[in-house]
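Engineer: In the working numbering, the protein residues as written are 17 to 167.
Can you keep this structure in mind? I'll have questions shortly.
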Amino acid sequence: MATGTPTTTSHSGKHRLDSEIEKYRLELNWTKILDKLKSAKVSGEAQLEYYLQQYPLTDYRHIEQSRNDLIRVENLLKSAGSIRSFEGQCLLAKLYYGQSRYDECLTYVILAINSIPNDINQQPNRSYLLLAEIFALNGLLLEKKMKIYLK
């Protein structure tokens, strides 16, 4: 996956990011910490979206490949603290759906729905797109669950 590899794409990259953040904590340099976390999250988002453009979620032939290819992206998103933000939860839900990890996907769909920002109408348009995608994923997961129950 040629996506312009960021500085934090592997396990050692995650360790490097963690140690840089720890260094900035000791220096009480909160601005640098925020910059590092934001760049890791944006990098993870860009890699995920680029991957999904190349291999759409509707193409089931790439599921096994996505499980391997998106591990780095998952680590990036998690290391950036995305688990606690609406946007990060949406991105992780998309990632897990693309890997056919439906239980994890549902967990993050529920987290995202429960953490929709109160001021979403004042957020960038990207938030509306993510909100629509979360509800679409919720519908797809319900559809899959119904197919299982009807068998």
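Backbone N, C-alpha and C define an ideal beta-carbon position, used for all residues, glycine too.
#1: Quick one: give me the first and last residue of the alpha helix (DSSP H) that residue 142 is part of.
#2: Return helix, strand or coil for residue 55, following the three-state DSSP convention.
#3: Flag this pair as yes or no: are the beta carbons of residue 1 and residue 64 separated by less than 7 Å?
#4: Among the residues of its own chain, which have a CB less than 6 Å from the CB of residue 167, if the five just before and after it don't count?
#5: Say whether the region 149 to 162 touches the region 123 to 132, bearing in mind that this needs 3 or more beta-carbon pairs closer than 8 Å, one atom from each stretch.
#6: Under the rule that 16 or more other beta-carbon atoms within 10 Å means buried, what is residue 124, buried or exposed?
#7: Out of 32, 43, 45 and 72, point me to the one whose CA is closest to residue 113's CA.
#8: Output yes or no for whether 7 Å exceeds the beta carbon distance between residue 90 and residue 111.
#9: My understanding is that residue 115 touches residue 83, with C-beta atoms under 8 Å, so please give their C-beta distance in whole angstroms.
Structural biologist: Quick answer:
#1: Annotation for residue 142: the continuous alpha helix (DSSP H) segment containing it runs 141 to 166.
#2: Correct three-state label for residue 55: helix.
#3: Shown here, the chain extends from 17 to 167; a query on residue 1 therefore has no answer.
#4: Within the same chain, no residue comes within 6 Å of residue 167 by CB-CB distance, once the 5 residues on both sides are set aside.
#5: Under the three-pair Cβ rule at 8 Å, the region 149 to 162 counts as touching the region 123 to 132.
#6: So residue 124 counts as buried.
#7: The shortest Cα separation from residue 113 among 32, 43, 45 and 72 belongs to 72.
#8: Cβ distance < 7 Å, so residue 90 and residue 111 count as in contact.
#9: About 5 Å; that satisfies the 8 Å criterion.
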